[in-house]
Amino acid sequence: MKKTYDAIVIGGGINGCSIAYQLAKRGRSVAVIEKGRLADKASGAAAGMLGAQTELTDDGPLFEFARKSRAMFPELARELEELTGVHIGLQNRGMYRVAATEKEAIELKKLIEFQTKSGETAKWVSFQELMEQEPHVSSSLIGAMFIPNDGQVDARELTIAFAKAAMLNGAEFYEFTNVNDLILGNEKAHGIQTDLGPMYAESIVIATGAWSPFLIEKTGLTLPISPVKGECLSVLTNKPLIKGTVFSHGCYIVPKKSGRLIIGATVKPDTFDERVTVDGISSLMEKAKRLVPGIGESELERAWSGIRPLSKDGLPFLGEHPSCRNLYIAAGHFRNGILLSPATGELIADLMDGKSKDSGPFRLSRINSSVSA
Ligand SMILES: Cc1cc2nc3c(=O)[nH]c(=O)nc-3n(C[C@H](O)[C@H](O)[C@H](O)COP(=O)(O)OP(=O)(O)OC[C@H]3O[C@@H](n4cnc5c(N)ncnc54)[C@H](O)[C@@H]3O)c2cc1C
């Protein structure tokens, strides 16, 4: 088989699908190659928080990028639903970063000050106010930082919506197809070797999450991304226990439709082992019960895990390979790949179109390494 496209995207996670959507929408012929099923890795495991202010607490390019991406969601949700009929579950009931100690309260108040100066909305709610808004949280808490604009989505549905929207714009998807190698020559990427044979394209995008270093290695570049396992569970409650997301050190509880709560997530660095452990899940259950005691009576639904892609400096890699033309990388989104997916798709498409010249702080040339292709 010899297949030729304008662009091949490797990886059917949220970032690969978002990029494919943007490219297909702009008229490119696109193929997405996924070794398993779409959204079966980190993107299907995510809790779906759009935690620009909850998760990203330092000023800098990632905070800016996250705020930009978060702002894209309302229009994106409408656009994807209109096109595909898929509801991405966008909700905006805010997040509470709770404090259990005076020290945590002081830190959160400083964060509120910084975010308010950055033009964002965040406010301190006292214990009494917290109890009025969320009467089922633990009485051991002393207050919380309330972030009204950090919403949430259904991460798997969003990935599928991007994929369907890309298909409706002509993109082809190949699931259960492994990319074994890149076809390189004259410092340029020409195609890929897959289980189905070679495929060729003007541009190749590697969006393979925590697995990205393996394909990029073929170009002589060591991509500093490591795997970080996260486990989660979901429970079902008879009556709604919380309206907003409750977020603390080491545990968050995200309310979904129909009384479902997602409780996450463990953090285990340097492993691709996706087994769900008793230790992981029991520690989350204990922490969740300390935050919202009523969870003890809820029905356990299921537990799962995913592998987050962590880059060494905490910033994703977005852009063209430093010495191999037409090879793009979009990987390393760690805990925020769902939040960052709309802006990631747009940025990679803009770079290919020449609408953006450079991805600034996310560019690959920040890797200090000798590269050959
Ligand atoms: C438990 C947990 C909770 C999370 N919660 C949130 C959250 O609330 N909000 C948020 O923003 N983020 C969250 N994240 C992070 C988010 O899930 C990731 O940052 C994001 O999913 C990364 O998406 P991706 O498309 O880059 O990678 P992935 O989703 O991992 O997709 C990469 C794809 O590439 C495929 N692939 C790999 N190698 C090959 C190959 N050789 N050939 C073909 N295909 C290949 C894989 O099979 C995979 O499907 C969470 C992550 C975890 C694990």
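Letter 306 of the sequence shown, counting from 1, is numbered 306 in my numbering, and no numbers are missing.
Glycine residues also receive a C-beta, built at the ideal position from the N, C-alpha and C atoms.
Please confirm whether residue i and residue j have their CB atoms less than 8 Å apart.
i	j	result
G13	S43	yes
V153	G36	no
K123	A343	no
R308	S138	no
G374	A52	Past the boundaries of the shown model lies residue 374; the chain is included only from 1 to 373, so the question cannot be answered.
G94	P61	no
N276	A303	The sequence given here has Val at residue 276, not Asn. Closer than 8 Å, so yes.
I348	A330	yes
A377	I263	The shown model of the chain, from 1 to 373, leaves out residue 377, and the question about it has no answer.
E301	S248	no
A210	L141	no
If you count every other CB in all the chains shown that lies within 10 Å of the CB of residue i, and 16 or more means buried, which is it?
i	result
N238	exposed
N15	buried
A207	buried
T156	According to the sequence displayed, residue 156 carries Arg and not Thr. Label assigned to R156: buried.
E104	buried
D358	exposed
D150	buried
V54	As written in the sequence, residue 54 is Thr, which differs from the Val given in the question. The residue in question, T54, is buried, as its Cβ has 16 or more Cβ neighbours within 10 Å.
R78	exposed
I10	buried
V228	buried
V278	exposed
E134	buried
S341	buried
Q91	buried
P240	exposed
K110	exposed
S365	exposed
In angstroms with no decimal places, state the Cα-to-Cα distance between residue i and residue j.
i	j	result
K41	E346	22 Å
L339	L196	33 Å
P361	N326	20 Å
P74	G185	42 Å
F63	I367	21 Å
E320	L310	19 Å
T245	F334	20 Å
S18	T159	7 Å
A20	D6	11 Å
I33	N169	17 Å
A265	F173	30 Å
Q22	A189	21 Å
Q193	K3	11 Å
I242	K256	10 Å
G354	Y328	13 Å
G259	Y200	47 Å
L236	V292	14 Å
F146	P269	29 Å
I8	S226	24 Å
L38	T271	21 Å
A171	G306	26 Å
E175	P198	15 Å
S323	D350	19 Å
E81	E102	44 Å
P213	L223	5 Å
R363	D313	12 Å
I106	I112	10 Å
D59	R97	18 Å
S356	L318	12 Å
G27	L108	46 Å
Taking the DSSP output, what are the residues bridged to residue i?
i	result
R260	L236
C251	S248
R275	Bridge partners of R275: none, in fact.
I367	Per DSSP, none; premise fails for I367.
A7	V30, S203
E299	L236
I268	The question names Ile, but residue 268 is Lys in the sequence shown. Looking at the DSSP assignment, K268 forms a beta bridge with K229.
V98	A144
S305	E231
W211	Bridge partners of W211: none, in fact.
P135	In DSSP, P135 forms no bridge with anything.
Y328	V205, E320
M49	Q152
A189	L184
Y174	I33
G12	Answer by DSSP bridge pairing: none, since G12 is not bridged.
Looking at ligand 3, does it come within less than 7 Å of residue i, judged from the CB to the closest heavy atom?
i	result
Y328	No copy of ligand 3 occurs in the structure displayed; its ligands are ligand 1 alone.
TODO: Flag this pair as touching only if the stretch 276-287 and the stretch 123-133 have three or more C-beta atom pairs under 8 Å; answer yes or no.
DONE: They do not touch, by the three-pair rule.
- [ ] For the stretch 82-96 and the stretch 164-182, state whether three or more C-beta atom pairs, one from each stretch, are separated by less than 8 Å.
- [x] Yes, the stretch 82-96 touches the stretch 164-182.
Open item on the list: I want to know whether the stretch 114-123 touches the stretch 210-224 - three or more CB-CB distances under 8 Å.
Closed with: Contact fails between the stretch 114-123 and the stretch 210-224, because fewer than three Cβ pairs, one in each stretch, are under 8 Å apart.
Task: Sufficient close CB pairs (3 or more, under 8 Å) joining the stretch 172-189 to the stretch 293-305 - done: The way I'd put it, the stretch 172-189 doesn't touch the stretch 293-305; fewer than three beta-carbon pairs between them come closer than 8 Å.
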